[in-house]
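Novice: Submitted below is the structure of interest, expressed as structure tokens.
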Amino acid sequence: MIDASQGYHQIMLAPEDRKRVSFITCADTFCYVAMPLRLKNAGATYQRLVDKIFHPLIGINVEVYVDDMLIKSKETRVHVADLEETFSVLRKYKLKLNPGKCAFGYMEIVSSASWSPKEELKPTPSKSKQFWT
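Numbering (my numbering), first residue to last: 9 to 141.
This is the structure in structure tokens:
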């Protein structure tokens with residue numbers, strides 16, 4: 009499980025759009041150069057980006073949800089190759105990771121959803137709530 013560092017802020021705004029995403033202080037007017045979180049479609053834009061760049065790997069050895077990426081392998085011997093493939097995509101698009109939130113070498117990850125070797129994404133009971141009876 010790897011986590012992108014400040015995901016939204018890694019998307020640079022086109023120079024012609026920067027004036028539309030500005031803020032005023034008593035000193036001056038400032039324009040963002042990277043996508044700020046406060047933009048209405050920031051989350052959807054970032055999700056679309058990771059879906060696009062990881063498209064060839066999604067469902068095979070990578071699952072992505074916003075800034076969380078799960079690298080999965082059916083066999084331990086191919087896991088390093090799957091990691092290298094994922095990291096090469098991240099390097100190609102210059103996306104940075106948050107090392108403090110990355111976990112490697114686990115058979116099952118405990119989070120809001122966890123992947124098991126049986127290839128099923130399942131909710132973690134301690135972090136889930138049943139809304140029906």
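Don't be surprised by glycine CBs; every beta carbon is placed ideally from N, CA and C.
Since the model is a prediction, treat every value here as computed from it, not as a measurement.
1. Can you look up A89 in the DSSP assignment and give me helix, strand or coil?
2. Quick check: the segment 51-58 against the segment 83-98, are at least 3 beta-carbon pairs closer than 8 Å?
3. Which residue wins for smallest C-alpha separation from F112, given the options L91, L103, K100?
4. Return the chain-ordered list of same chain residues with a C-beta closer than 6 Å to the C-beta of Y16, the five sequence neighbours on each side being excluded.
5. Would you tell me roughly how many angstroms separate the C-alpha atoms of Y10 and A22, rounded to the nearest one?
Specialist: Looking at the atomic coordinates:
1. Indexing the sequence shown from 1 puts residue 89 at position 81. Helix, per DSSP.
2. no
3. Indexing the sequence shown from 1 puts residue 112 at position 104. Answer by Cα proximity: L91.
4. Counted from its first residue, the sequence shown places residue 16 at position 8. Counting only Cβ-Cβ distances below 6 Å, and skipping sequence neighbours, we find M43, L45, A50, Y54.
5. To locate residue 10, count along the sequence shown from 1; it is residue 2. To locate residue 22, count along the sequence shown from 1; it is residue 14. In the sequence on display, residue 10 carries Ile and not Tyr. Those two C-alpha atoms are separated by around 28 Å.
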